[in-house]
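If you're matching them up, the sequences are chains F and A in order.
Those letters in the first sequence? Residues 173 to 285, by the numbering used here.
Those letters in the second sequence? Residues 151 to 263, by the numbering used here.
To keep things clear, I will list the structure first and then write my remarks on it.
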Amino acid sequence: KNQVEQSPQSLIILEGKNCTLQCNYTVSPFSNLRWYKQDTGRGPVSLTIMTFSENTKSNGRYTATLDADTKQSSLHITASQLSDSASYICVVIIQTGANNLFFGTGTRLTVIP
Amino acid sequence: DVKVTQSSRYLVKRTGEKVFLECVQDMDHENMFWYRQDPGLGLRLIYFSYDVKMKEKGDIPEGYSVSREKKERFSLILESASTNQTSMYLCASSPWDRDYEQYFGPGTRLTVT
Numbered sequence: 173k174n175q176v177e178q179s180p181q182s183l184i185i186l187e188g189k190n191c192t193l194q195c196n197y198t199v200s201p202f203s204n205l206r207w208y209k210q211d212t213g214r215g216p217v218s219l220t221i222m223t224f225s226e227n228t229k230s231n232g233r234y235t236a237t238l239d240a241d242t243k244q245s246s247l248h249i250t251a252s253q254l255s256d257s258a259s260y261i262c263v264v265i266i267q268t269g270a271n272n273l274f275f276g277t278g279t280r281l282t283v284i285p
Numbered sequence: 151d152v153k154v155t156q157s158s159r160y161l162v163k164r165t166g167e168k169v170f171l172e173c174v175q176d177m178d179h180e181n182m183f184w185y186r187q188d189p190g191l192g193l194r195l196i197y198f199s200y201d202v203k204m205k206e207k208g209d210i211p212e213g214y215s216v217s218r219e220k221k222e223r224f225s226l227i228l229e230s231a232s233t234n235q236t237s238m239y240l241c242a243s244s245p246w247d248r249d250y251e252q253y254f255g256p257g258t259r260l261t262v263t
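Dropping the structure here:
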């Protein structure tokens, strides 16, 4: 079982609409959580990073939330644009170990005109 | 801005060939990483390196080796390519004390026929 679960796997929305992507994790001890955006055929680019004490972090039209008690995070995209079409990957970092990054499998978002 | 470059965007090789994937970063980062990314599986760590001439196995090192002769360069080697190594390969780098703060290259789409 993947220790970082993302939902939905894929999503299609109309341009201008809002959407929310989910990330649930089981790994511990938690250090921080990052959301990456990956355009087709490109490497991931960081959108937000959140530590244990942060509940919300915004980056333009992207807003990430974190509930460390329930081990859930969400990425909300406001007023979607065609350029938002990409995969969004949730990464949970734990405090210990050399290999301490746990990747979700991503949500594929398609924004249509 | 951190820049991570990979030698090829697309590569087609035959089964049994030796394949070299090169990665170069320009931010003097100590840590470098090689991942492969497959649909439905997310990013999986192959090898990483915390210093020149140093390497550590990740989650799926079988069939791969690496070389780090210079700080800025990290090479992934497929000694005898097989069709199940067809994948997207992503290189990343990070500062020594923040291995969670990874910057990714654009990726190499490798096809083994």
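C-beta atoms are modelled at their ideal positions from N, C-alpha and C, and glycine is treated no differently.
Remember, it's a predicted structure, so these values are computed and weren't measured experimentally.
TODO: Round the Cβ separation of I266 (chain F) and S203 (chain F) to the nearest angstrom and send it over; I've been treating them as touching at under 8 angstroms.
DONE: Confirmed, Cβ separation roughly 6 angstroms.
Open item on the list: With the cut-off set at 8 angstroms, would you say T277 (chain F) and G192 (chain A) are in Cβ contact?
Closed with: yes
Open item on the list: I'd like the list of long-range same chain contacts for L183 (chain F), defined as Cβ closer than 8 angstroms, with 5 residues on each side in sequence excluded.
Closed with: C191, L193, T279, R280, L281, T282
TODO: Could you tell me whether the stretch 243-257 of chain F touches the stretch 155-166 of chain A, using the rule of 3 or more Cβ pairs below 8 angstroms?
DONE: no
Open item on the list: At the level of alpha carbons, what is the spacing between R206 (chain F) and K153 (chain A)?
Closed with: 19 angstroms
Task: Own chain, CB closer than 6 angstroms to T223 (chain F), minus 5 neighbours either side, in chain order - done: N204
Open item on the list: Quick check: is the beta carbon of Y250 (chain A) nearer than 8 angstroms to any beta carbon in chain F?
Closed with: yes
- [ ] Output, in chain order, the set of chain A residues within a Cβ distance shorter than 8 angstroms of G276 (chain F).
- [x] G192
Task: Boundaries of the beta strand (DSSP E) in which L281 (chain F) is found, first to last residue - done: 279-284
TODO: Tell me whether K209 (chain F) is buried or exposed, calling it buried when 16 or more other Cβ atoms sit within 10 Å of its Cβ.
DONE: buried
Open item on the list: Please list, in chain order, the chain F residues whose beta carbon lies closer than 8 angstroms to that of P117 (chain A).
Closed with: For residue 117 (chain A) there is no data in the structure shown, the boundaries of chain A being 151 and 263.
Open item on the list: Under 8 angstroms: do the stretch 209-222 of chain A and the stretch 174-189 of chain A share three or more Cβ pairs, one atom per stretch?
Closed with: yes
Open item on the list: Taking the beta carbon of R233 (chain F) as the centre, do at least 16 other beta carbons fall within 10 Å, making it buried, or is it exposed?
Closed with: exposed
Open item on the list: Closest to S199 (chain A) by C-alpha separation, out of A:N181, A:Y214, A:N234, would be which residue?
Closed with: A:N181
TODO: Report the neighbours of L273 (chain F) on chain A: residues whose CB is nearer than 7 angstroms to its CB, in chain order.
DONE: In chain order: Y250.
Open item on the list: Counting only beta-carbon separations shorter than 8 angstroms, does L171 (chain A) have a partner in chain F?
Closed with: no
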